[in-house]
Amino acid sequence: MDLRIQKDCSNIDWNEVSQIMKEVNIGSFPAEIRQKAFENSAAVVFIFEKEKLIGLGRAISDGTYEAAIYDIVVRPEYQGKGIGKIIVETLMESLPTCSFILYAAPGKEGFYGKLGFRKLKTGMGLFIKKEHMRQRGITD
12 MDLRIQKDCS NIDWNEVSQI MKEVNIGSFP AEIRQKAFEN SAAVVFIFEK EKLIGLGRAI
72 SDGTYEAAIY DIVVRPEYQG KGIGKIIVET LMESLPTCSF ILYAAPGKEG FYGKLGFRKL
132 KTGMGLFIKK EHMRQRGITD
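Position one of the sequence shown corresponds to residue 12 (the working numbering), numbered consecutively onward.
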């Protein structure tokens, strides 16, 4: 594969980002909300095969010792080819002094475990869409 890694938000089609995220069932925020979230993040990664956007992710951080990874997305037809690993590793390399937390979509815990993440014993969440997060299996 001829991959290109982009670590900024320049020339991103936010409608495409929003559509890809809907395809993989990571929320249904409109393009302008996705754009704001990525532009306000400490680190972003977009992966292209030639000119086709195939994966993306972001991290929020204090830039010193804490970071949280969000919105790791790989188009379904590219999953299982190492793209997600490239995204996560690129985000971690962008914030080298930070510890990372994230919450995984149900069934994806093994993927993050292979990258060194471990389950938190005291993790808690308070979500605006409480019932939606419960139905997705994120909370009890």
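No residue lacks a Cβ here, since even glycine has one placed at the ideal position from N, Cα and C.
Taking N51 as the centre and dropping the five residues before and after it, the same chain places the C-beta of I71 closer than 8 Å to its C-beta, in chain order. The three-state secondary structure of K63, taken from DSSP, is strand. Pairing E27 with L67 gives a Cβ-Cβ distance that is not under 7 Å. DSSP places Y123 in no beta strand (DSSP E) but in the uninterrupted alpha helix (DSSP H) bounded by E120 to K125. Within the same chain, and ignoring the five residues on either side of M144 in sequence, the residues whose Cβ sits closer than 6 Å to its Cβ are F138 and T150. By alpha-carbon distance to K18, the top candidate from F40, G148 and M103 is M103.
Per the coordinates, the alpha-carbon of A54 lies some 6 Å from the alpha-carbon of R69.
Taking C-beta atoms as the reference points, G95 and V85 count as a pair closer than 7 Å. Cβ contact annotation for E60 (same chain, cutoff 7 Å, sequence separation greater than five): M12, D13 and L14, in chain order.
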